[in-house]
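Let me begin by presenting the structure, written as structure tokens, before commenting on it.
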Amino acid sequence: MKNEAKLTSTRADVPDRGLVWLNGQFMDFAAARVSVEDRGFQFGDGIYETIRVYDGTPFAIEQHIERLSRSAAAIELELPMSGEEFVTIAQELIARSGLKEAEVYIQVTRGAAPRLHPFPIGVSPTVVMTVRPVRPIPRRFRERGIVVKTFPDERWARCDIKTICLLPNVLAVERARRAGADEALFVRDGLVTEGTSSNVFIVHRGEVVTPPADHRILAGVTRGLVLEIARGCGYQTDEREIPLSDLKAASEVFITSTVKEVLAVVRVDDAVIGNGEPGDVFRRLYDVYRSQLPGRRRAPGSESVEESR
Ligand SMILES: Cc1ncc(COP(=O)(O)O)c(C=O)c1O
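My numbering numbers the first residue of the sequence shown as 41 and each following residue consecutively.
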């Protein structure tokens with residue numbers, strides 16, 4: 041597995057093609073600077089969103105900005121701009137970058153102030169938006185599915201907030217990768233919650249099931265869209281707890297996220313899922329998902345590449 045393409049590896053030596061908007065100014069990545077006293081850097085005191093851009097159009101941006109507002113409210117951070125302003129700036133960033141297949145990343149922190157735990161007074165939030173080319177999904181993931189490894193969910197009790205405090209997620213996905221898997225799934229009290237940067241679904245007796253969107257998971261935008269698509273396709277759906285044993289015995293498993301879209305899971309730890317290949321329900325849902333994306337409608341997998349990053 042060592043030399044095969046990985047989903048999330050990064051290479052520091054690859055120069056960034058992309059653009060940054062930082063506190064009101066457009067600039068290159070190399071020019072963008074945030075204070076060492078920024079509370080995002082000091083405390084992880086911030087929130088974020090990742091939005092996929094297809095053919096120059098940000099996909100489901102309203103849902104992402106709505107979730108950003110919910111995350112801000114949950115950490116008592118007053119956003120310095122309206123939702124419409126976030127959308128306008130994101131669109132201008134994309135247009136200026138000239139990128140068509142891209143990711144927009146938005147991060148808002150409680151700003152820069154001398155390092156004391158309580159909220160600083162009279163400090164403006166730091167707002168950064170970046171756009172960069174989309175991280176390619178290895179073709180084998182699309183065609184053959186991915187392998188996941190489970191880990192105890194050691195995160196805090198408010199996983200519904202999209203905060204930048206991602207250390208447990210970082211550790212779990214790194215350990216999964218070292219063990220030859222492509223994503224880590226968290227398990228809390230015997231129940232599967234979600235992936236390190238994805239939601240999880242199973243197909244159980246023909247029903248499409250995903251854990252409920254409570255404080256234990258992030259209510260993924262893609263998760264919501266896939267649930268709607270599943271209902272539209274006539275599948276029974278349910279949002280209920282999934283014991284680890286049900287995950288391993290499922291006829292199909294798949295994960296969803298903005299960047300990964302929908303990926304079939306063919307092995308969970310040592311358990312082979314179904315016949316070890318992406319299943320029919322996954323294929324159907326992913327086909328419909330692709331057909332709803334902005335711009336040209338290409339066959340699934342045609343934009344993925346077999347390369348690392
Ligand atoms: C923990 C977690 N769960 C789920 C998701 C999927 O959310 P979305 O579909 O909105 O990208 C993400 C995305 O980054 C995530 O970090």
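For each residue, glycine too, the CB sits at the ideal point set by N, CA and C.
To which residues does DSSP link residue i through a beta bridge?
i    : result
K189 : A224
P98  : V93
E247 : H244
G235 : L225
A142 : V93 and P173
T166 : T149
W61  : F66 and M169
I282 : V232
T262 : In DSSP, T262 forms no bridge with anything.
If the criterion is Cβ atoms closer than 8 Å, does the pair residue i and residue j meet it?
i    : j    : result
P160 : V148 : no
T296 : R271 : no
S111 : K202 : yes
V93  : I134 : yes
V187 : A224 : no
L303 : V232 : no
P334 : F81  : no
P158 : E77  : no
A259 : D200 : yes
H255 : R198 : yes
P176 : L139 : no
P318 : G185 : yes
R324 : C273 : yes
V266 : Y329 : yes
I115 : I87  : yes
I313 : V305 : yes
T97  : T298 : no
D85  : R150 : yes
Can you check which of these residues, the options, is closest to residue i by C-alpha distance?
i    : options                   : result
S75  : P251, A152 and S238       : A152
F241 : K202, N209, A219 and E281 : E281
D310 : H255, E279, V266 and A216 : A216
F181 : C199, H157 and D222       : D222
A253 : N315, S238 and V168       : S238
K300 : G314, P178, D320 and L206 : P178
E132 : G64, D327 and C273        : G64
A72  : W196, G84, L59 and N209   : L59
V249 : F69, S291, V210 and E214  : S291
F66  : V171, V266 and V261       : V171
V227 : V243, V210 and P251       : P251
F191 : P208, I204, R198 and E183 : P208
V261 : G86, W61 and I105         : I105
E124 : I101, M169 and F83        : I101
Q332 : Q276, F322, R218 and I269 : I269
F83  : E89, A70, T128 and I204   : I204
W61  : D286, M169, D327 and A289 : M169
T277 : I257, R57 and R245        : R245
*Only counting runs of 3 or more residues, tell me where the beta strand (DSSP E) segments fall wholly within the segment 67-137, in order along the chain.*
If we require 3 residues or more, the beta strand (DSSP E) runs fully inside the segment 67-137 come out as 86-94.
*Continuous beta strand (DSSP E) assignments of at least 3 residues falling wholly in the segment 291-319*: The DSSP assignment places complete beta strand (DSSP E) segments of no fewer than 3 residues inside the segment 291-319 at 292-297 and 301-308, in order along the chain.
_Under 5 Å, CB to any heavy atom of ligand 1. Which residues pass, going along the chain?_
Proximity annotation: ligand 1 has residues E234, S237, N239, L258, G260, V261, T262, S297 and T298 in chain order, each selected because its CB is closer than 5 Å to a heavy atom of the ligand.
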